[in-house]
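*Asks:* Below is one structure. I have some questions about it.
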Amino acid sequence: MVTEWIQLLIFLFALLIFSPLFGLGLYKVYLYKTSGFEKFLYKICGIDPNRNMDWKEYALSLLVFNFFGFYYCF
7 MVTEWIQLLI FLFALLIFSP LFGLGLYKVY LYKTSGFEKF LYKICGIDPN RNMDWKEYAL
67 SLLVFNFFGF YYCF
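Numbering (our numbering), first residue to last: 7 to 80.
Given below as structure tokens:
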């Protein structure tokens, strides 16, 4: 009985500690603020964050991503 209460307290403590950090990260994502790491990844991959994809590019990237995900799982 005591271990359940300890587990609940640890969970609530972790929730209290990590939720502001995740909230701040989501806040930055929704404001389109890019971090230095994202800019570094964009530069390595050759991605222009200001250019939009048309539907054909989006469909192709979705299919390729799902194919590799399916291949990885099975």
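Glycine is no exception: its CB is placed at the ideal position from the N, C-alpha and C atoms.
If you're wondering where the values come from, they're calculated on a predicted model, not measured in any experiment.
Any idea what DSSP makes of residue 38, helix, strand or coil?
*Replies:* Position 32 of the sequence shown, counted from the start, is the residue given in the question as residue 38. If DSSP states are grouped into helix, strand and coil, residue 38 belongs with coil.
*Asks:* Would you mind giving the Cβ-Cβ distance between residue 55 and residue 64, rounded to the nearest angstrom? I have them listed as a contact below 8 Å.
*Replies:* As a first step, residue 55 is located in the sequence shown; it is residue number 49 there, counting from the start. As a first step, residue 64 is located in the sequence shown; it is residue number 58 there, counting from the start. Not quite, the Cβ-Cβ distance comes to about 15 Å (not below 8 Å), so this is no contact.
*Asks:* Would you kindly work out how many angstroms separate the C-alpha atoms of residue 28 and residue 71, rounded to a whole number?
*Replies:* Here residue 28 corresponds to residue number 22 of the sequence shown, with the count starting at 1. Here residue 71 corresponds to residue number 65 of the sequence shown, with the count starting at 1. Going from the Cα of residue 28 to the Cα of residue 71 covers about 25 Å.
*Asks:* I need the DSSP call for residue 72, collapsed to helix, strand or coil.
*Replies:* Position 66 of the sequence shown, counting from 1, holds the residue named residue 72. It is helical.
*Asks:* List, from N- to C-terminal side, the alpha helix (DSSP H) runs of 4 residues or more that fit wholly inside the stretch 11 to 63.
*Replies:* You should have 42 to 51.
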